[in-house]
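Trainee: Let me give you the structure first, and then I'll get to my questions.
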Amino acid sequence: MQNLTLGEAVKQALREEMLRDENVFVAGEGIGVGIHNNPKLPTHGLLEEFGPERVKDTPVSEAAIAGLAVGASVMGLRPVVEIMFNPFFTIASDQIINHAAKLRYLSGGKSKFPLVVRIKTGAGIGAGCQHSHNLEAWVAHCPGLKVVMPGTPADAKGLLKTAIRDDNPVIFIEDMILNFIPMPVPEEDYTIPLGPADIKKPGDDVTVVTWSKMLGTALNAAGKLEQQGISVEVVDLRTLAPLDEDTILKSVRKTGRLLVLHEATRTGGFGGEIAALVAEKAFNQLKAPVKRITAPDIPVPYSKPMEQFYIPNEDNVINGIKSILG
Amino acid sequence: MQNLTLGEAVKQALREEMLRDENVFVAGEGIGVGIHNNPKLPTHGLLEEFGPERVKDTPVSEAAIAGLAVGASVMGLRPVVEIMFNPFFTIASDQIINHAAKLRYLSGGKSKFPLVVRIKTGAGIGAGCQHSHNLEAWVAHCPGLKVVMPGTPADAKGLLKTAIRDDNPVIFIEDMILNFIPMPVPEEDYTIPLGPADIKKPGDDVTVVTWSKMLGTALNAAGKLEQQGISVEVVDLRTLAPLDEDTILKSVRKTGRLLVLHEATRTGGFGGEIAALVAEKAFNQLKAPVKRITAPDIPVPYSKPMEQFYIPNEDNVINGIKSILG
Amino acid sequence: MHLNKLNLLRSMLQIRRFEEKLEQLSRETEKIYGMMIVSTGQEAVASGVGAVLDPADVIISNHRSHGHLLAKGADPKLIMAEIFGKATGYNKGKSGTLHIAAPEVNVLCTTTVVGGGIPIAVGTAFASHYKQQKNVTVCFFGDGASDEGSFHEALNLASLWNLPVIFACENNVYSGAQRVEEHSKVKNFADRAIAYGMPGIVVDGNNVLEVYQSAMKAKERCLSGEGPTLIEYKTYRWGGHSTHDQQSYQPQEEIELWKKLCPIEQLKATLIKEGVLGQEQYQQMENEIKQAVEEAVKFADESPWPQPEDAMEDIYI
Amino acid sequence: MHLNKLNLLRSMLQIRRFEEKLEQLSRETEKIYGMMIVSTGQEAVASGVGAVLDPADVIISNHRSHGHLLAKGADPKLIMAEIFGKATGYNKGKSGTLHIAAPEVNVLCTTTVVGGGIPIAVGTAFASHYKQQKNVTVCFFGDGASDEGSFHEALNLASLWNLPVIFACENNVYSGAQRVEEHSKVKNFADRAIAYGMPGIVVDGNNVLEVYQSAMKAKERCLSGEGPTLIEYKTYRWGGHSTHDQQSYQPQEEIELWKKLCPIEQLKATLIKEGVLGQEQYQQMENEIKQAVEEAVKFADESPWPQPEDAMEDIYI
Ligand SMILES: Cc1ncc(C[n+]2csc(CCOP(=O)(O)OP(=O)(O)O)c2C)c(N)n1
Ligand SMILES: Cc1ncc(C[n+]2csc(CCOP(=O)(O)OP(=O)(O)O)c2C)c(N)n1
Ligand SMILES: [Mg+2]
Ligand SMILES: [Mg+2]
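Protein chains in written order, with the numbering used here: chain A, 4 to 329; chain B, 4 to 329; chain C, 1455 to 1771; chain D, 1455 to 1771.
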């Protein structure tokens, strides 16, 4: 099997989907000719292969990029546009929230908007809070959107292919740190459905629900705890919307304990939704209080010691799990 | 005591704060000369009283309005700007999320941004989903902001005064339906701190945590249940950030049961945060699964029967409480 | 495309009578829920531009949409039913007056977010270009909308890529309660095109023949691959922003002045002078239109309401 | 204000040497975390504009900020410490290079959201106007930023209200990897001022004396209450967007051409010709500046790191 970073897996999915369907095109800032001539990056080489009619470098104008996707998709194209960093999503958010997400509903189900918005996210790159700010909770709170946050390159490839083929608007969020960690990715053309969570590690004592970059943190913590005789089940959501309630609930009903782990700030983060779901529907099987491990309620600081303090780490997870187990 | 609508109470607070402090000014679309010449509205008459230097009608440009507030506040003014309807907040959101909320932090605590953004919100006005879309969960998820959502005119007056005097950026969200329901409001100058929730009705059997317009729905339901011998405690959050964890937890520890009620859509709504908090910190006192009563995960539909279906109502709350009580 | 002036007159008259009925229903009955925004006085823009469009051409509309819809051939019955909130409306009652989409006639989006449709029009035009289809997009928006950031980003991109889109700015002198000079210092909004290296032209928006010519020229420019045009149509909103607007800020003399420039009366006079139209023929046109409006109301009135739970449909595919 | 040309030279040289050091540290050491964005070749804009500003005047800066900060009198030590992420930096390590705020010298905001500072500058200028204070705001941004919607909304509002703000657009030929003609069809970005009824002027951004004059004129216009000016400074980014940029898209000849137009060499030559500057004096200036840069590095190096938990401070008051 090939070893790819998340960025390379995304590129493979983009390339194969562009080969498969000529209605697929990509657009965004610096996605054709970029300032980084780095093959690890998700759109590297696409311009050379597909030409400027299908690989569209745009001016710095996120509202126009998003509107381009909305308009092109209702005409039958399958745009995959990129918002460079999650905080800049704000500038595109009117188009995404009030238009991409609502226009099908407003058409009474007559129109469809098969678009994908790729967004780079995550702390740990020393760029500070105007580049690093995880806002998946915003889009996961918006009916009409699907929201995907892969935690491995292999998932990214299969999920992005499905996202591109999906007839609904999909927000596809890629943590930049994963662009530098190669992992095995199947070479064939495969898709992964949007919806089902994936149990990345089965276990009996406690359920950890997580997504995106934090999957690795969860698995590392689970590995260490295993050696201490604590059996952790790691549920990788992969898609926040649709949300796989069944897998979450089944796991918690089995283990009786829940820890939710995400990098976004705590208050109002999507972890609240998971905790609420469990407190509503698996309450009777719960043996201990639920617990959330998240970033604290602050912007991402620049300086490395503070930035590292911000990002939830293995120790936080291990301690969190131990505290649940009492 | 005077009887005022929420809009009138807001106007009284604005007027008194403008009289008290000449650094306070208001700006927004149609807040001076508006298309509705209606004294019930929050900024009616301010232009006549304070003149065009302090009551600034702006072009239709939400990013500029928000940026105006950010820049003016760091210079020592106390802007109170209006975003006409919650969905248009998207257009202002870069300024609010990436600037108003983060710039103090980015200054290392040297600068302050004492601004207020008033936002009109709520379903029930027949304007459809591009006017009605409750997005308080977005701002409540953003460290650096305070978030206020009054449920009564009296609270609105006292909270807005505090918000204007507060040195942090405050998002103040007003449900439009409350602009048409007069209620008693003290005439004197008073403030209500940002933070403490208010127990609007004490009770023993179940805790309802709610805010904004849904407070009325909760109180009506509680009144009816009282006659059936069910004692409901209604906790009105009033401010989502800071969040009054103590009052929530104390109440749930007493009643052992929690229902969260909000008008925003369910998944990713701020109700998840409340439920999560309780499942984390009052788990051992919980006697039953928590429950959320919210709008369903759809955009606000226009047609009245569907719009009414969208908005949580008394019956939903009553049934929800009964189901918790088993 | 052959210009049929009688059809232009018919189109404007249809819009006028349809919206007069909406106003009346909004003021006098409970049939219409929420705001009611009409375009009385501005009909020449919709009709003149609409007349140059083929079925495959696309319209992206805004909150003042009824004229755009009717001029593109939308069914008055389905519009009326949508406005009444009925299950038979264009969008099953989910949209109401503010967001009617009629994909059947390629009005693909009506957005009430001011300026929100402009980037979308860039997207639809991009699709035509990408698929090498010979159709154009018209995006209607107001003078006020041209102050929004979305306008700027969209026009820059459309010009850069030479996309087949006509930016039809209806300058009706007001944005809400603000007169044009209260919301921008630019004299002609068409001048904003300079910022994108795009042609910008000013047209008398009450002269439907000039509107038609200007739109035709812009369409030809689109189809020849030369790119977009910004057209500012100078016109006037006779009524308030919506029917609940008391127009306190709108001088009566100004309204009277513009009423004298009624686009319908102007074309009617021309056609009578040219001998193309007789009084009887006009009366017949009026009758047909009024009857169609009444039929639309009847259809809407008699149509069933959506079920409350229908709200749950039509969100995902 | 009296123009001291030697100070202009000193200011440019200070920026050049300071950023050369940053580049070197970024490429050769681990001292600098994250991206490093410098303005080499563009120094005349910061220095020329900076020279017309009083302490009470405000700067709103962008991602390419070091020049703006230094020209406004910010302390190189505190900048360097901030870039190193140290507790002694301007912002205690919370900002890093991308968002340095130095309220001490009225650089009130550096935002790395492209275009994000422009509406804020309208706000600071509004405050000056509101309080009837005689100061101005300068907002620096790039050619690319002028494509953002925030630019449009902000300039319209500033012009409408005649606010005392100078919009200083540094056209350095690139926005990321895009040449100007790849991101807009407008020939001169100054022409965008037309869309707001605002004066827009084009200035040689490598001629610091012309930069100075243009900024002075714009400042006087602000102070006389006539409102804002958009100034496009034509200049060039010698290096890539950031130090990690391989400049694959930037023709070597183009770089060489612009290096011949070095703003520092230009002024130096003039001053030598005018007899104002001698070689020895220049060398002394160089030495002082280099020493100050080394001291800044030393200060930053020896400064303590923030504690991890310090991250929790400085969010609310
Ligand atoms: C983003 C946004 N801001 C504000 C509003 C409220 N609003 C509705 S129409 C309107 C005025 C628009 O004026 P203009 O673009 O000239 O169109 P007109 O109403 O004159 O046809 C405003 C401010 C809105 N719908 N969307
Ligand atoms: C809103 C936003 N979009 C994209 C970016 C990424 N980005 C950083 S700098 C830059 C180019 C800006 O070009 P220009 O405004 O000309 O300034 P220059 O870098 O040339 O000084 C881009 C696209 C960003 N920081 N903010
Ligand atoms: Mg108008
Ligand atoms: Mg540039």
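Built from N, CA and C at the ideal position, the CB exists for glycine as well.
Got a sec: is the Cβ-Cβ distance from SER96 of chain A to anything in chain C below 8 angstroms?
Mentor: SER96 of chain A does not count as touching chain C.
Trainee: For MET1490 of chain D, which of helix, strand or coil comes out of DSSP?
Mentor: Three-state result, MET1490 of chain D: coil.
Trainee: Is GLY1569 of chain D closer than 8 angstroms to PHE1595 of chain D when the C-beta atoms are compared?
Mentor: Closer than 8 angstroms, so yes.
Trainee: Do three or more CB pairs link the segment 134–146 of chain B to the segment 56–64 of chain B at distances below 8 angstroms?
Mentor: The answer is no - the segment 56–64 of chain B does not touch the segment 134–146 of chain B, with fewer than three Cβ pairs under 8 angstroms.
Trainee: For the segment 1571–1602 of chain D, which residues have a beta carbon sitting closer than 8 angstroms to at least one beta carbon of chain A?
Mentor: Flagged, chain order: GLY1598, ALA1599, ASP1601 and GLU1602.
Trainee: Counting along the chain, where does the beta strand (DSSP E) carrying GLU187 of chain B start and finish?
Mentor: Before going on, a small fix: residue 187 of chain B reads as Pro here, not Glu. It spans 186–188 - the beta strand (DSSP E) in which PRO187 of chain B sits, taken as one unbroken run.
Trainee: Using the Cβ count rule (16 or more neighbours within 10 Å means buried), how would you classify LEU1677 of chain C?
Mentor: So LEU1677 of chain C ends up on the exposed side.
Trainee: Considering only residues of the segment 102–170 of chain B, which uninterrupted beta strand (DSSP E) runs meet the minimum length of 3 residues and lie entirely inside it, listed in chain order?
Mentor: Runs of the beta strand (DSSP E) inside the segment 102–170 of chain B: 119–124 and 149–151.
Trainee: Within the segment 183–254 of chain A, note down every full beta strand (DSSP E) run reaching 3 residues or more, in order along the chain.
Mentor: If we require 3 residues or more, the beta strand (DSSP E) runs fully inside the segment 183–254 of chain A come out as 186–188, 201–204, 209–213, 235–239 and 242–244.
Trainee: Tell me where the beta strand (DSSP E) around CYS1563 of chain C begins and ends.
Mentor: Looking at the DSSP string, the run of the beta strand (DSSP E) that includes CYS1563 of chain C is 1561–1564.
Trainee: According to DSSP, what are the bridge partners of ILE296 of chain B?
Mentor: Answer is B:LEU264, bridged to ILE296 of chain B.
Trainee: Of all residues in the structure, which have a C-beta closer than 7 angstroms to any heavy atom of ligand 4, taken in chain order?
Mentor: The filter returns D:GLY1596, D:ASP1597, D:GLY1598, D:GLU1624, D:ASN1625, D:ASN1626, D:VAL1627, D:TYR1628, D:SER1629 and D:ARG1691, in chain order.
Trainee: Given a cut-off of 8 angstroms, decide if ALA298 of chain A and ILE327 of chain A are closer than it, judged by their beta-carbon atoms.
Mentor: The answer is no: Cβ separation not under 8 angstroms.
Trainee: Going by other Cβ atoms of all chains shown within 10 Å of its Cβ, with 16 needed for buried, is LYS1714 of chain D buried or exposed?
Mentor: By the 10 Å Cβ count, LYS1714 of chain D comes out exposed.
Trainee: Taking 7 angstroms as the cut-off, is the C-beta of ILE94 of chain A nearer than that to any heavy atom in ligand 2?
Mentor: Yes, the Cβ of ILE94 of chain A comes within 7 angstroms of a heavy atom of ligand 2.
Trainee: List, in order along the chain, the chain A residues whose C-beta lies closer than 7 angstroms to that of ALA1631 of chain D?
Mentor: The answer, in chain order, is GLY33, VAL36, GLY37 and ILE38.
Trainee: Name the residues in the segment 1688–1720 of chain C whose C-beta lies less than 9 angstroms from a C-beta of chain B; which are they?
Mentor: Cβ contacts with chain B: GLY1694, HIS1695, SER1696, HIS1698, ASP1699, GLN1700, GLN1701, SER1702 and TYR1703.
Trainee: Assign GLU1719 of chain D to one of three DSSP states: helix, strand, or coil.
Mentor: Residue state, collapsed to three classes: helix.
Trainee: Determine contact between the segment 1533–1546 of chain C and the segment 30–47 of chain A, defined as no fewer than three beta-carbon pairs at a distance below 8 angstroms.
Mentor: Because the criterion of three Cβ pairs below 8 angstroms is not met, the segment 1533–1546 of chain C and the segment 30–47 of chain A do not touch.
Trainee: Can you tell which of B:LEU44, B:THR93, B:GLY127 and B:ILE99 has its C-alpha closest to the C-alpha of LEU71 of chain B?
Mentor: Considering only alpha carbons, the answer is B:ILE99.
Trainee: At a CB-CB cut-off below 7 angstroms, which residues of chain D make contact with ASN1610 of chain C?
Mentor: Within 7 angstroms Cβ-Cβ: ASP1601 and SER1638.
Trainee: Does the beta carbon of LEU109 of chain B sit closer than 8 angstroms to a beta carbon anywhere in chain A?
Mentor: At least one chain A Cβ lies under 8 angstroms of LEU109 of chain B.
Trainee: Helix, strand or coil, according to DSSP, for THR62 of chain A in the structure here?
Mentor: One point to set straight first is that residue 62 of chain A is Pro, not Thr, in the sequence displayed. Note: PRO62 of chain A maps to coil in three-state DSSP.
Trainee: For GLY37 of chain B, I'd like the list of residues in its chain whose CB is within less than 8 angstroms of its CB, leaving aside the five on either flank, ordered along the chain.
Mentor: The answer, listed in chain order, is LEU44, THR46 and HIS47.
Trainee: Note down, in chain order, each residue of its chain lying with its Cβ closer than 7 angstroms to the Cβ of ASP97 of chain A, except the 5 sequence neighbours on either side.
Mentor: Contacts found: ALA66.
Trainee: Can we count GLY1569 of chain D as close to ligand 2, meaning its CB is less than 7 angstroms from some heavy atom?
Mentor: The answer is yes for GLY1569 of chain D.
Trainee: Just to confirm the assignment, what range does the alpha helix (DSSP H) spanning THR1683 of chain C have?
Mentor: No alpha helix (DSSP H) contains THR1683 of chain C, which is instead part of the beta strand (DSSP E) from 1683–1688.
Trainee: Taking DSSP as the reference, what is the three-state secondary structure of ALA1622 of chain C?
Mentor: Reduced to three states, the DSSP call for ALA1622 of chain C is strand.
Trainee: Is the CB of PHE28 of chain B under 8 angstroms away from at least one CB in chain D?
Mentor: So, interface residue.
Trainee: With H, G and I counted as helix, E and B as strand and the rest as coil, what does DSSP make of GLU85 of chain B?
Mentor: GLU85 of chain B: strand per DSSP, three-state reduction.
Trainee: Taking just the CA atoms, how far does ASN1545 of chain C sit from LYS105 of chain A?
Mentor: Approximately 12 angstroms between the Cα atoms of the pair.
Trainee: Report the three-state DSSP secondary structure of ALA1541 of chain D (helix, strand or coil).
Mentor: Three-state DSSP puts ALA1541 of chain D in coil, outside helix and strand.
Trainee: Return helix, strand or coil for GLU1680 of chain C, following the three-state DSSP convention.
Mentor: In the structure shown, GLU1680 of chain C sits in coil (DSSP, three-state: anything other than H, G, I, E or B).
Trainee: Mind checking ASP318 of chain A: buried by the 16 CB within 10 Å criterion, or exposed?
Mentor: Under this definition ASP318 of chain A is an exposed residue.
Trainee: Quick one: is LYS1546 of chain C near chain A, going by C-beta distance under 8 angstroms?
Mentor: It does: the Cβ of LYS1546 of chain C has a partner Cβ on chain A nearer than 8 angstroms.
Trainee: Quick one: Cα of SER1519 of chain C to Cα of ILE1771 of chain C, how far?
Mentor: The straight-line gap from Cα to Cα measures roughly 27 angstroms.
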